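Visitor: Read in order, the letters of the sequence shown correspond to residues 8 to 186 in my numbering.
Built from N, CA and C at the ideal position, the CB exists for glycine as well.
All values derive from a computational prediction rather than experimental measurement.
The structure that follows is given in the form of structure tokens.
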Amino acid sequence: KTRPRRPGSLASAITHCGVSSRNTVWTSQQADRVNPMPGTKEDKQDKFHHGVAGERDRLKSILDSMDDGIYIVGRDYKIRFMNRALRSDVGEGEGRFCYDFFNHDRSSCEECQHGMSSFGPFTRREWFLPKTQRFYDVLISPIHEPGGKISRLHILRDITERKQLESALQEYSKTLETK
8 KTRPRRPGSL
18 ASAITHCGVS
28 SRNTVWTSQQ
38 ADRVNPMPGT
48 KEDKQDKFHH
58 GVAGERDRLK
68 SILDSMDDGI
78 YIVGRDYKIR
88 FMNRALRSDV
98 GEGEGRFCYD
108 FFNHDRSSCE
118 ECQHGMSSFG
128 PFTRREWFLP
138 KTQRFYDVLI
148 SPIHEPGGKI
158 SRLHILRDIT
168 ERKQLESALQ
178 EYSKTLETK
């Protein structure tokens with residue numbers, strides 16, 4: 008003989024999922040983890056973790072919606088994050104060493120890491136990327152990750168068209184000077 012289950016109860020939820028609870032003994036702690044009581048510590052932690060996950064997803068969505076390429080590199084030179092724009096231009100590189108992925112000398116990475124303190128100003132440079140055959144204005148800034156680690160945020164803005172126009176303007180200027 009089974010007891011009737013009230014809708015919304017733990018036993019009802021388990022039965023609804025196709026799992027029988029007839030031979031299962033639940034402690035109140037286990038039941039609270041599955042369906043925390045409102046106002047309890049577990050409920051507050053659950054809400055906090057959902058809030059953090061929501062904010063993380065929102066930030067990732069914002070970064071993925073940008074046209075500029077964005078990537079984050081840790082002190083170990085490994086790429087920790089790449090946004091959608093950069094992945095579509097150069098492929099997936101998360102988890103790889105930046106100097107291997109972008110095919111440049113490791114000394115340029117060391118210069119990037121060494122030349123900037125954790126609270127220092129951002130740096131800016133122009134960079135030609137052979138993988139894409141394009142020129143970029145690169146903004147590099149330190150970011151503080153949870154746990155105190157410091158990484159580098161790189162924002163790449165494609166300036167190829169501007170560089171081509173500058174080159175054409177210089178050529179035109181040279182032709183005017185020779186006349």
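1. For D165, which residues of its own chain have a beta-carbon under 7 angstroms away from its beta-carbon, when the five flanking residues on both sides are left out?
2. Ignore the nearest five residues each way along the sequence and tell me which others in V79's own chain have a CB closer than 6 angstroms to its CB.
3. Using 10 angstroms around the beta-carbon of R29, count the other beta-carbons present and answer buried if the total reaches 16, otherwise exposed.
4. Would I77 pass as a contact of I162 if the rule is Cβ separation under 9 angstroms?
5. Express the C-alpha separation of Y106 and E184 in angstroms, rounding to a whole number.
6. I need the straight-line Cα distance from R169 to G98, nearest angstrom please.
7. If you measure between the beta carbons of K156 and R63, is that distance less than 9 angstroms?
8. Give the straight-line distance between the Cα atoms of L93 and D75, rounded to the nearest whole angstrom.
9. Opposite V145 in the DSSP bridges: which residues?
10. Please state whether DSSP places G76 in a helix, a strand or coil.
11. If you count every other CB in all the chains shown that lies within 10 Å of the CB of F108, and 16 or more means buried, which is it?
12. Should F108 be flagged as near chain B, meaning a C-beta pair shorter than 9 angstroms?
Guide: Let's see:
1. R141, Y143
2. Going by the sequence as given, residue 79 is Ile instead of Val. For I79, where only same-chain residues beyond five positions count, the Cβ hits under 6 angstroms are R87, F88, S158, L160.
3. Model confidence at R29 stands at a pLDDT of 42, short of 50, so the residue's coordinates are unreliable and nothing is read from them.
4. yes
5. 42 angstroms
6. 24 angstroms
7. no
8. 7 angstroms
9. R132, L163
10. strand
11. buried
12. Judged by its chain identifiers, the structure shown contains no chain B, having just a single protein chain.
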